[in-house]
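Residue numbers for the sequence shown, in our numbering: 5 to 230.
Using N, Cα and C, we set each Cβ at its ideal position, and we do this for glycine too.
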Amino acid sequence: MHDVRRIDVMENIHDENDRIAADINADMTKKNVFAVNVMGAPGAGKTSALKWLIREMKGLNSYVIEGDIESDIDTRALRALGVNAFQINTFGACHLDAPMIHDSARNLSFDEGGVLFIENIGNLVCPAEFNIGEHIKLLVCSVTEGCDKPYKYPLAFEKADIILLNKTDLLPLLDFDGDFFMKGLRALNKDAPVFRVSGKTGEGYEAAAAWIAAEAKKIRSPLDNF
Ligand SMILES: Nc1nc2c(ncn2[C@@H]2O[C@H](COP(=O)(O)OP(=O)(O)OP(=O)(O)O)[C@@H](O)[C@H]2O)c(=O)[nH]1
Ligand SMILES: [Mg+2]
């Protein structure tokens, strides 16, 4: 009995979340804003990825919503680079949800369209369960986390539309088995492109940014110009 009630409550929460996420997505699309849900474990390199991607986003405006349980360290670092960033603190919640994005998006002005990166809470589990109005989910994972992560945390890998395999500059120091990683990933997700990147050297980010920019163009009317 308890289990049945719990499933009902969870379904209601997910239904309400998905309804708000669909509204956000429609609103962003109307504004020519391509929303990217950036997921990954704590310290995987999400904020470093944003710094490089925004730098490589040539000619496209970028906006950031930063999700953290506490602190505005990442937002301050991005603002210092001139990025239009807004902080959400969840004070305990382990993921962002659509109502949080709905409320915070009002604090950014999207006059010219572009790409909105939403850095989710550092967590390889819960963020993958909640849509937040994004057009794509971007997963940052790093070689320091180990090559077995697709096997242990399948949902994030299954749902990702693009994967950045980060910290590749550290590969010489590790025994990361790239074939094992790819085998686990491809069993869950046949299509998502994988970009091997380094937040230290910037390697791989030009190609990753070009892929995102090409996807962003797809939501635009054919009559619009970037
Ligand atoms: N060597 C190396 N260090 C990296 C790389 N990318 C990020 N780092 C470092 O890893 C640490 C965490 O990077 P962040 O970008 O803050 O990671 P994050 O995923 O945003 O972390 P949270 O927001 O706390 O979840 C920082 O000290 C970065 O300088 C990389 O490619 N190579
Ligand atoms: Mg961060």
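Going by the beta-carbon positions, is the gap between phenylalanine 114 and tyrosine 67 smaller than 9 Å?
In the sequence shown, residue 114 corresponds to position 110, counting from 1. In the sequence shown, residue 67 corresponds to position 63, counting from 1. Inclusion of phenylalanine 114 and tyrosine 67 in the CB contact set at 9 Å is warranted, their separation being smaller than that value.
Smallest Cα separation from asparagine 4: which of Leu57, Asp72, Gly71?
Coverage of the chain is limited to positions 5 through 230, which leaves residue 4 absent and any answer about it impossible.
For the candidate residues Leu159, Leu82, Asp173, Glu74, whose alpha-carbon lies nearest to that of alanine 97?
Against the sequence shown, residue 97 aligns to sequence position 93. When only C-alpha atoms are compared, the closest one is Glu74.
Take valine 147 as the anchor and find which of Gly49, Asn29, Ile28 has the nearest alpha-carbon.
Locating residue 147 in the sequence shown gives position 143, counting from the first residue. Among Gly49, Asn29, Ile28, the Cα nearest to that of valine 147 is on Gly49.
Isoleucine 17 to glycine 137 span [Cα, whole Å]
Here the question's residue 17 lines up with position 13 in the sequence shown. Here the question's residue 137 lines up with position 133 in the sequence shown. When rounded, the distance between both Cα atoms is 15 Å.
Comparing C-alpha positions only, which one of Gly117, Arg83, Val198, Phe95 sits nearest to glycine 71?
Stepping through the sequence shown from its first residue, residue 71 is reached at position 67. Measuring C-alpha to C-alpha distances from glycine 71 to each of Gly117, Arg83, Val198, Phe95 identifies Phe95 as the nearest.
Could you spell out the range, first to last residue, of the beta strand (DSSP E) harbouring phenylalanine 199?
Residue numbering aside, residue 199 sits at position 195 when the sequence shown is read from its first letter. From DSSP, the beta strand (DSSP E) with phenylalanine 199 extends over 198 to 200.
With a cut-off of 8 Å on the beta carbons, I'd call lysine 194 and lysine 163 a contact; round off their distance for me.
Here the question's residue 194 lines up with position 190 in the sequence shown. Here the question's residue 163 lines up with position 159 in the sequence shown. Contact annotation, lysine 194 with lysine 163: C-beta distance approximately 13 Å; criterion of less than 8 Å not satisfied.
Tell whether a beta-carbon distance below 9 Å holds between asparagine 170 and glycine 206.
As a first step, residue 170 must be located in the sequence shown, where it is residue number 166. As a first step, residue 206 must be located in the sequence shown, where it is residue number 202. For the pair asparagine 170 and glycine 206, the CB atoms are not nearer than the 9 Å cut-off.
When every heavy atom of ligand 1 is checked, does at least one fall within less than 8 Å of the C-beta of aspartate 72?
The residue you call residue 72 lines up with position 68 of the sequence shown. At least one heavy atom of ligand 1 is nearer than 8 Å to the Cβ of aspartate 72, so yes.
Assuming the contact rule is C-beta atoms closer than 8 Å, asparagine 135 and alanine 102 should be a hit. Round their C-beta distance to whole Å, please.
Numbered from 1 along the sequence shown, position 131 holds the residue referred to as residue 135. Numbered from 1 along the sequence shown, position 98 holds the residue referred to as residue 102. Right, their Cβ atoms sit about 6 Å apart.
Short Cβ contact (9 Å threshold) for histidine 139 with isoleucine 223
The sequence position of residue 139 within the sequence shown is 135, counting from 1. The sequence position of residue 223 within the sequence shown is 219, counting from 1. Here histidine 139 is near isoleucine 223, since their CB atoms are less than 9 Å apart.
Just tell me which of Leu112, Ala214, Leu178, Leu100 has its CA closest to the CA of glycine 126.
Counted from its first residue, the sequence shown places residue 126 at position 122. Answer by Cα proximity: Leu100.
With respect to 8 Å, is the separation between the Cβ of lysine 50 and the closest non-hydrogen atom of ligand 2 below this value?
The residue labelled residue 50 in the question sits at position 46 within the sequence shown. Yes - ligand 2 has a heavy atom lying nearer than 8 Å to the Cβ of lysine 50.
Return the chain-ordered list of same chain residues with a C-beta closer than 7 Å to the C-beta of leucine 175, the five sequence neighbours on each side being excluded.
Position 171 of the sequence shown, counted from the first residue, corresponds to residue 175. Around leucine 175: Val147.
Contact check, isoleucine 167 vs cysteine 151, beta carbons under 9 Å:
Numbered from 1 along the sequence shown, position 163 holds the residue referred to as residue 167. Numbered from 1 along the sequence shown, position 147 holds the residue referred to as residue 151. No, Cβ-Cβ distance for isoleucine 167 and cysteine 151 is not below 9 Å.
CA-to-CA distance, glutamate 20 to methionine 14, given in whole angstroms
The residue given as residue 14 occupies position 10 in the sequence shown. The residue given as residue 20 occupies position 16 in the sequence shown. Between methionine 14 and glutamate 20, the C-alpha separation is close to 10 Å.
My understanding is that phenylalanine 90 touches valine 40, with C-beta atoms under 8 Å, so please give their C-beta distance in whole angstroms.
By one-based count along the sequence shown, residue 90 stands at place 86. By one-based count along the sequence shown, residue 40 stands at place 36. The distance from the Cβ of phenylalanine 90 to that of valine 40 is about 15 Å, inconsistent with a contact at the 8 Å cut-off.
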